[in-house]
Amino acid sequence: MQPENPESYSASAQAVWPAAAIPGRPGAHLCAAQADGADEAETPSGLEAIPDAEPTHGSKLLDELRAQIAQFVIPPSPEALDAITLWVAATHLQPAWQHAPRLAVVGPAKRCGKSRLLDVLTETVHEPMLTINTTPAAIFRSITEENPPTLLVDEADTIFGTPKMAEKNEEMRGLLNAGHQRNRYVTRVVGNDHTPHRFATFAMAAIAGIGDLPDTVMDRAVVIRMRRRAEGEKVKPFRSRRDIPALNELRDRLRAWARPLLDEAADLEPDMPVEDRAADTWEPLVIVADLAGGCWPRLARVACARMVAAEEAAEEDHPSGARILADIRRVFVAQREVDSLSTEELLHHLRQDPEAPWAEWGRGGLDARELGRMLRAYEIKSGNVRMADRTQRKGYMRNKFLDAWRRYCPAVHPVDADITRGED
């Protein structure tokens, strides 16, 4: 049965942020997202109207840092780039903070720029400590209360990727959780006489990996959901001999600006657009923005509100891997590139493929709920599609997949013509 599609649901796919939280009005940011047919996030009420101050030395340093980061990676949004910039600057003021925000750099597949971002962070943060194959005991023995390092954890999926891995590395998860707040210690016996000794855990940390980190870590993090670069998106290749000296020089100037502001940073209590743990996590970034001035107080609060709202609206379970995208691409090709398929029909074709895992997925094969969970990781959602018999069913528009197909499975079938068609 050939479906006909309502005009309102055939727009080109666009990556958008959900409506952002409004200070003093809990839940008000969800109104726009819950309205039928609402596709775009509204600007956080009052936040965009924050007036910019005159540029300062600090704001110019942040501008320069943001430009340097943008040379090597393409974050998922301008707000994410602002957040990364502020997080790097905040590492140089760690003794001032009550909470040490984590930077969760996650993506649904390989080659999304996660490790490249960590390369840049390594050369710009305060006292970087790479933790590849490092035991939790070695890490907390390296943390001092007066001058904590910045922990950098790459390939976190090899630590937390499966329940068995996560159970084996429970001590690492506990360390990352405890280190989010000051004065959370671990006690271990040391020496031949086994004397109990307290070790500090407080330190900022950036953790990169495929798929979401454990919920308890994500809840303490500024989350950067990286995407694979699409055709035409270019970045500068990272070359250690050429690029590290410039990044280190910028790091040193950033430290020289930040360190005299330690006492002032510790005393500030900024107005926050979010509450509870999200406010604890984002407060150091907002304080850095307020100290720098210029446009940064506004940028920090907009980024905070939008990115926290996006995480609250996201599904908790994001299965990784682009296999589902590739198989859906093949289904649409086999169906002669129809504009849409009902969820029922799409699931039928997916489960009919003898070489795919979908017929045996879960207890009774892949179902609509699990399909929706998988596709939410790529910002693809189902909607109402009108069938040829004038009935409406839940289904998926083909043009909603175009961007994800280009990024994660371009070799399955050329989609250049699809892009033009989706933009008509």
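Residues in the sequence shown are numbered from 1321 upward in steps of one, following the numbering used here. For each residue, glycine too, the CB sits at the ideal point set by N, CA and C. Since the model is a prediction, treat every value here as computed from it, not as a measurement.
Exercise. Determine the direct distance from the alpha carbon of Q1414 to that of H1500, and round the result to whole angstroms.
Key: The residue labelled residue 1500 in the question sits at position 180 within the sequence shown. The residue labelled residue 1414 in the question sits at position 94 within the sequence shown. When rounded, the distance between both Cα atoms is 11 Å.
Self-check item: G1684 to L1691 span [Cα, whole Å]
Solution: In the sequence shown, counting from the first residue as 1, residue 1684 sits at position 364. In the sequence shown, counting from the first residue as 1, residue 1691 sits at position 371. Taking the straight line joining both Cα atoms gives about 13 Å.
Quiz item: Can you list, in chain order, the stretches of the alpha helix (DSSP H) that have 4 or more residues and sit fully within the region 1590–1637?
Solution: 1596–1612 and 1616–1633
Practice problem: Work out the CA separation of R1559 and P1395 for me, nearest whole Å. | Solution: On the sequence shown, position 75 is the one that residue 1395 refers to. On the sequence shown, position 239 is the one that residue 1559 refers to. Going from the Cα of P1395 to the Cα of R1559 covers about 20 Å.
Exercise. Could you tell me which residues DSSP puts in a beta bridge with Y1319?
Key: Residue 1319 is absent from the model: the chain starts at 1321 and stops at 1744.
Quiz item: Are the region 1436–1452 and the region 1493–1510 touching, with three or more C-beta to C-beta distances below 8 Å?
Solution: no
Exercise. Report the option in R1562, C1432 and P1456 whose CA atom is closest to the CA atom of Y1698.
Key: Against the sequence shown, residue 1698 aligns to sequence position 378. When only C-alpha atoms are compared, the closest one is C1432.
Practice problem: Please check the pair W1577 and H1377, which I expect to be a contact at CB under 8 Å, by giving their CB distance rounded to whole angstroms. | Solution: Residue mapping note: residue 1577 aligns to position 257 of the sequence shown, counting from 1. Residue mapping note: residue 1377 aligns to position 57 of the sequence shown, counting from 1. W1577 to H1377, Cβ: 6 Å. Contact.
Practice problem: Alpha carbon to alpha carbon, how far is K1556 from Q1391? Give it in angstroms, no decimals. | Solution: Taking the sequence shown and counting its residues from 1, the one referred to as residue 1391 is at position 71. Taking the sequence shown and counting its residues from 1, the one referred to as residue 1556 is at position 236. Each residue's Cα considered, the two are about 5 Å apart.
Exercise. State the Cα-Cα distance for the pair P1580 and F1480, rounded to the nearest angstrom.
Key: Stepping through the sequence shown from its first residue, residue 1580 is reached at position 260. Stepping through the sequence shown from its first residue, residue 1480 is reached at position 160. Straight-line Cα distance between these residues: approximately 38 Å.
Practice problem: Please list, in chain order, all residues of the same chain as I1700 whose beta carbon is under 8 Å from its beta carbon, the five residues on each side excluded. | Solution: Against the sequence shown, residue 1700 aligns to sequence position 380. The answer, listed in chain order, is A1333, Y1716, K1720, F1721 and A1724.
Quiz item: Between the region 1416–1432 and the region 1533–1552, do at least 3 Cβ pairs fall closer than 8 Å?
Solution: yes
Quiz item: Should E1603 and P1593 be called a contact, given that it needs their Cβ atoms to be closer than 8 Å?
Solution: Residue mapping note: residue 1603 aligns to position 283 of the sequence shown, counting from 1. Residue mapping note: residue 1593 aligns to position 273 of the sequence shown, counting from 1. The answer is no: Cβ separation not under 8 Å.
Exercise. Pull up the distance between the alpha-carbon of V1653 and that of A1676, whole angstroms please.
Key: Taking the first residue of the sequence shown as position 1, residue 1653 is located at position 333. Taking the first residue of the sequence shown as position 1, residue 1676 is located at position 356. Those two C-alpha atoms are separated by around 16 Å.
Quiz item: Which one of E1631, S1462 and G1529 has the shortest CA to CA distance from T1478?
Solution: Position 158 of the sequence shown, counting from 1, holds the residue named residue 1478. Comparing Cα positions, the closest option is G1529.
Quiz item: What does a CB cutoff of less than 6 Å around E1636 pick up in its chain, not counting 5 residues either side in sequence?
Solution: Counting from 1 along the sequence shown, the entry for residue 1636 is found at position 316. With a pLDDT of 37 at E1636, under the threshold of 50, the predicted position of this residue should be treated as unreliable, and no value is reported.
Quiz item: Does the distance from the C-beta atom of L1686 to that of R1710 stay below 8 Å?
Solution: Counting from one through the sequence shown, the residue named residue 1686 turns up at place 366. Counting from one through the sequence shown, the residue named residue 1710 turns up at place 390. Not closer than 8 Å, so no.
Quiz item: Could you check where the alpha helix (DSSP H) with A1457 kicks off and where it finishes?
Solution: Translated into the one-based positions of the sequence shown, residue 1457 becomes position 137. Start and end: P1456 to F1460.
Self-check item: Sequence-distant residues of its chain with Cβ nearer than 8 Å to L1588 (five each side left out)
Solution: By one-based count along the sequence shown, residue 1588 stands at place 268. Once the five neighbours on either side are set aside, the close Cβ partners of L1588 are I1607, D1610 and L1611.
Quiz item: Exposed or buried, P1565, counting other C-beta atoms within 10 Å across all chains shown (16 or more means buried)?
Solution: Counted from its first residue, the sequence shown places residue 1565 at position 245. Classification for P1565: exposed.
Practice problem: Inspect the beta-carbon positions of P1421 and W1407 and report whether they are closer than 8 Å. | Solution: For the purposes of this step, residue 1421 is identified with residue 101 of the sequence shown, where counting begins at 1. For the purposes of this step, residue 1407 is identified with residue 87 of the sequence shown, where counting begins at 1. It is a contact, given that the beta carbons lie within the stated cut-off.
Quiz item: CA-CA distance, A1416 and D1383?
Solution: Within the sequence shown, residue 1416 is the residue found at index 96, counting from 1. Within the sequence shown, residue 1383 is the residue found at index 63, counting from 1. Approximately 23 Å, taken between the alpha carbons.
Quiz item: Skipping 5 residues on each side, what residues in its chain have a beta carbon closer than 8 Å to that of M1485?
Solution: Taking the first residue of the sequence shown as position 1, residue 1485 is located at position 165. T1478 and I1479.
Quiz prompt | Bridge partners - Y1716, DSSP secondary structure assignment | solution = For the purposes of this step, residue 1716 is identified with residue 396 of the sequence shown, where counting begins at 1. Answer is L1661, bridged to Y1716.
Exercise. Taking only the alpha-carbon atoms, compute the straight-line gap between D1297 and M1627 and give it to the nearest angstrom.
Key: The first residue shown for the chain is 1321 and the last is 1744, placing residue 1297 beyond what the model contains.
Quiz prompt | Own chain residues within Cβ distance below 6 Å of R1618, not counting five before or after | solution = Within the sequence shown, residue 1618 is the residue found at index 298, counting from 1. Closer than 6 Å at the Cβ level, and outside the excluded window around R1618, lie I1370.
Exercise. Could you tell me the boundaries of the alpha helix (DSSP H) in which P1565 lies?
Key: Your numbering for residue 1565 matches position 245 in the sequence shown. Note, P1565: alpha helix (DSSP H), S1560 to A1578.
Practice problem: Throw me the rounded Cβ distance for the P1448 and L1472 pair, which I believe falls under 8 Å. | Solution: Working through the sequence shown from its first residue, we reach residue 1448 at position 128. Working through the sequence shown from its first residue, we reach residue 1472 at position 152. Between L1472 and P1448 the Cβ distance is about 5 Å, and since that is below 8 Å, they are a contact.
Quiz item: Should R1502 and F1522 be called a contact, given that it needs their Cβ atoms to be closer than 8 Å?
Solution: Within the sequence shown, numbered from 1, the residue matching residue 1502 stands at position 182. Within the sequence shown, numbered from 1, the residue matching residue 1522 stands at position 202. Cβ atoms of R1502 and F1522: closer than 8 Å.
Quiz item: Given a threshold of 16 other Cβ atoms within 10 Å of its Cβ, counted over all protein chains shown, does R1718 qualify as buried or as exposed?
Solution: Stepping through the sequence shown from its first residue, residue 1718 is reached at position 398. The residue is buried, with at least 16 neighbouring Cβ atoms inside 10 Å.
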